[in-house]
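> I'd like to ask you about the structure that follows.
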Amino acid sequence: MQVHEAQGYARNHKALPGSFEKHPKGIQARVLLSSVFGPYAQDDEFGSRSINPMELYHNQVTRAQGSFSLRMFHRSWGIMLIQANISAPCAVLDFPTRDDFARELTSHRYDIVGISSIIINVGKVREMCRMTRELSPHSAIVVGGHVAAIPEIEAMIDADHIVRGEGVSWMRRYLGEDESAPILHPAIVSGMQTRIMGIRLPERKGATAATIIPSVGCPMGCNFCTTSAFFGGKGKFVNFFETGDELFEVMQRMEHELKVHSFFVMDENFLLHRDRAMQLLQRMKENGKSWTMSVFASANAIRKYTMQELVELGVSWLWMGLESPQASYSKLHDTDTRELTRQLREHGIRVQGSTIIGLEHHTPDNIMAEIEHAVSHNTDFHQFMLYTPAPGTPLYQQIAAEGRLLRDVDYADIHGQFKFNFKHAAISRDDSKRFLDWAFWRDFELNGPSLYRIAGTLLTGWKRYKDWPDARVRERFAHEMRRLSGIYSSALWAMEKRFSKVNANVSQQIRALRKEFQHESGAISRMMPAVLGPVLLWTTRREERRLAQGKTYEPPTILERKNWVGA
Ligand code: SF4
25 MQVHEAQGYA RNHKALPGSF EKHPKGIQAR VLLSSVFGPY AQDDEFGSRS INPMELYHNQ
85 VTRAQGSFSL RMFHRSWGIM LIQANISAPC AVLDFPTRDD FARELTSHRY DIVGISSIII
145 NVGKVREMCR MTRELSPHSA IVVGGHVAAI PEIEAMIDAD HIVRGEGVSW MRRYLGEDES
205 APILHPAIVS GMQTRIMGIR LPERKGATAA TIIPSVGCPM GCNFCTTSAF FGGKGKFVNF
265 FETGDELFEV MQRMEHELKV HSFFVMDENF LLHRDRAMQL LQRMKENGKS WTMSVFASAN
325 AIRKYTMQEL VELGVSWLWM GLESPQASYS KLHDTDTREL TRQLREHGIR VQGSTIIGLE
385 HHTPDNIMAE IEHAVSHNTD FHQFMLYTPA PGTPLYQQIA AEGRLLRDVD YADIHGQFKF
445 NFKHAAISRD DSKRFLDWAF WRDFELNGPS LYRIAGTLLT GWKRYKDWPD ARVRERFAHE
505 MRRLSGIYSS ALWAMEKRFS KVNANVSQQI RALRKEFQHE SGAISRMMPA VLGPVLLWTT
565 RREERRLAQG KTYEPPTILE RKNWVGA
């Protein structure tokens, strides 16, 4: 693992920086690593919020799309990574209830209890520290994750150690292990319990991508970015895998263990590291790997590649910050993001845009035009987020220094999907939510369900590459078409019917795409909509009724032990 220009950053410690206190039992210590407790999609005194469920896409990308919203849960990857890289007996408890957490604390004698959390869940961390002191008083309590960025967190929770930044090396050092040893990547299935159109997708081995975490942090250092700030800020990042060769070996192992060909690459700016990506491509070519990758990348990083290179690399989904046409972020300089989006989709790459609502220059007079501009990108998915000074970021420091932070906003409400937590020059707190909601609504109204959009991008890519000379590329699109064309055609049939009365324009566009699919699909896929289409229409309507009655979804509790024999 290499820490780039950030030596020492991740080594913060509540005790004495420089004289690091190791746990007396070393790797004999028994460790519990837990995420915060649920349920999550409800309003409660610990900071759960019904508008902030544990579903990334539904929460901040497709939440206005009703039964067409993409819903799934993602594991707490940070604690999984730590567990895989320590020799001590270790249990990971993901998405527990309070009872689950209490039961685990009392059923084994844990020497160390690690709690991982983001900022909004600080109330839950406080409660879990209290429970640990009561039920397992001999345990050392370690708290990490973005919650550690809260100013004066030490006074808010009863923890022994607050870990800021990357946690694997911290925990290794705490246990007396070699913190610079190579990282062993755990086998992580990227999403679970995926639902769309009222159906939970089957979870067979290999059907869901594997998550790969090549690096953490991003050197672009945008002023609002929590992840960049948390891992060192501008110019800094931590590489778990330095080279394309190392990454290839990890991906090949995941391919074997999880039977996957697709990867969710959890790296804030994967394409920025061009040498690593190109070496990976070289190894993929040498070994005939027809893998697909979902990646995050800034516009300036994407422009380092030709479309051909991206396609050959297997990039099939790209999450890109669009922010605002007036924004001065260096990553967007000289980039026509609408043109870039159009080109990417023409090459079969699904684009997820991300736009900020409530930048400093926004006013009630210009913000609608900016939202229209964002929506006109016609991305496959679009995230909208409020401009939010989150603790730890340069923006937070600036707004605090200007005396514009609203002090009475609960941390549980500082997540960018509710209301401003600062005084904006021109937009009120209540209006910030109205504009945010309108942006989601407008994107859905104009561009239709994301499921329809990604079907269109796949078909465009297939038509372009189905006869391509490079067999790896050809096979990738052919594989997706074989797997999905019948399902997409059926979903399009149901969507067309569903929208016929409420949005005729979108319904006609969906119909045109369905006809194209019919033309390009094999016999079985052509027949499938006649059977599956009405089923999906029925499940869609059933889901709408459920959602109208307040139905929410919660992730399952997961307990995994490692090095446990003889513990
Ligand atoms: S480019 Fe994206 S990940 Fe990087 S600092 Fe900016 S917002 Fe964060």
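Counting in the numbering used here, the sequence shown runs from 25 upward without gaps.
By construction, the Cβ of each residue, glycine as well, lies at the ideal position given by its N, Cα and C atoms.
Since the structure is predicted, the reported quantities are computational estimates derived from the model, not experimental observations.
Leaving aside the five residues before and after A65 along the sequence, list all residues of the same chain whose C-beta is less than 6 angstroms from its C-beta, in chain order.
S74, P77 and T576
> Who are R374's beta bridge partners in DSSP?
W341
> In this structure, does DSSP put V60 in helix, strand or coil?
For V60, the three-state secondary structure derived from DSSP is coil.
> Give the range of the beta strand (DSSP E) segment to which H185 is assigned.
H185 to V187
> Cβ-heavy atom distance between T361 and the ligand SF4 below 7 angstroms?
No, Cβ of T361 sits at least 7 angstroms from all heavy atoms of the ligand SF4.
> Identify the residues that DSSP records as bridge partners of Q407: which are they?
Answer by DSSP bridge pairing, in chain order: S378.
> Any idea what DSSP makes of Y33, helix, strand or coil?
Per-residue confidence for Y33 stands at a pLDDT of 34, beneath the threshold of 50, marking its modelled position as unreliable; the derived number appears in the next sentence. Three-state DSSP puts Y33 in a helix.
> Within 10 Å of its beta-carbon, does V589 have 16 or more other beta-carbons around it, so buried, or fewer, so exposed?
Under this definition V589 is an exposed residue.
> Rounding to the nearest angstrom, what Cα-Cα distance links S141 and M152 in this structure?
11 angstroms
> Could you tell me the boundaries of the alpha helix (DSSP H) in which D467 lies?
R453 to N471
> Using DSSP's beta-bridge definition, name the partner residues of A572.
Answer by DSSP bridge pairing: none, since A572 is not bridged.
> Could you please give me the residues that DSSP links to I136 through a beta bridge?
I136 pairs with V55 and A164.
> With a threshold of 7 angstroms, establish whether the CB of C242 neighbours any heavy atom of the ligand SF4.
yes
> Among the residues of its own chain, which have a CB less than 6 angstroms from the CB of K258, if the five just before and after it don't count?
Beyond the five residues adjoining it in sequence on each side, K258 comes within less than 6 angstroms, by CB distance, of G245 in the same chain, given in chain order.
> I'd like to know whether the C-beta atoms of F501 and G372 end up nearer to each other than 8 angstroms.
yes
> Starting from S74 and walking both ways along the beta strand (DSSP E), at which residues does that stretch end?
Here S74 belongs to no beta strand (DSSP E), and DSSP marks it neither H nor E.
> Using three-state DSSP, classify P432 as helix, strand or coil.
Note on identity: in this sequence residue 432 is Asp, with Pro being the wrong assignment. In the structure shown, D432 falls within a coil segment according to DSSP collapsed to helix, strand and coil.
> Alpha carbons only, please: which of S513, T564, E45 and P63 is nearest the one belonging to A547?
Ranking S513, T564, E45 and P63 by Cα distance to A547 puts S513 first.
> Less than 8 angstroms between the CB atoms is what I'm expecting for Y329 and L295, so what's the real figure, rounded?
7 angstroms
> If the criterion is Cβ atoms closer than 8 angstroms, does the pair G377 and L410 meet it?
no
> Quick one: what does DSSP say A234 is sitting in, helix, strand or coil?
strand
> I'd like the span of the beta strand (DSSP E) that includes T218, first residue to last.
M216 to I220
> Where do the N-terminal and C-terminal ends of the beta strand (DSSP E) with I106 fall, by residue?
It is not in any beta strand (DSSP E) - I106 instead sits in the alpha helix (DSSP H) that spans W101 to A108.
> Return the residue from the list P388, E270, L199 and W486 that minimises the CA-CA distance to I451.
Closest by alpha carbon: P388.
> Can you tell which of R362, Q542, T564 and K586 has the C-alpha that lies nearest to the C-alpha of K521?
T564
> Rounded to a whole number of angstroms, what is the C-alpha to C-alpha distance between I103 and S59?
S59 has its alpha-carbon roughly 8 angstroms from the corresponding atom of I103.
> Under a three-way DSSP split, which group does I548 fall into?
In the three-state reduction of the DSSP assignment, I548 falls in the helix class.
> Can you tell me whether T365 is buried or exposed? The criterion is at least 16 other CB atoms within 10 Å of its CB, across all chains shown.
buried
> Give a yes or no on whether the C-beta atoms belonging to V192 and I207 are separated by under 8 angstroms.
yes
> Just verifying my parser: in three-state terms, what is the DSSP assignment at R327?
coil
> Please determine if the segment 393-411 and the segment 346-359 are in contact, where contact requires at least 3 C-beta pairs separated by less than 8 angstroms.
yes
> When burial is assigned at 16 or more other CB atoms within 10 Å of the CB, is L305 buried or exposed?
buried
> Nearest to Q89 by CA position, among H543, M519 and L556, is which residue?
Among H543, M519 and L556, the Cα nearest to that of Q89 is on M519.
> Run through DSSP, which three-state label would M275 get?
helix
> What residues match up with A115 in a beta bridge as DSSP calls it?
According to DSSP, A115 bridges with L56 and R585.
> Taking the CB atoms as reference points, tell me whether P415 and A173 lie closer together than 8 angstroms.
Judged by beta-carbon spacing, A173 lies within the 8 angstroms limit of P415, meaning their Cβ atoms are closer than that value.
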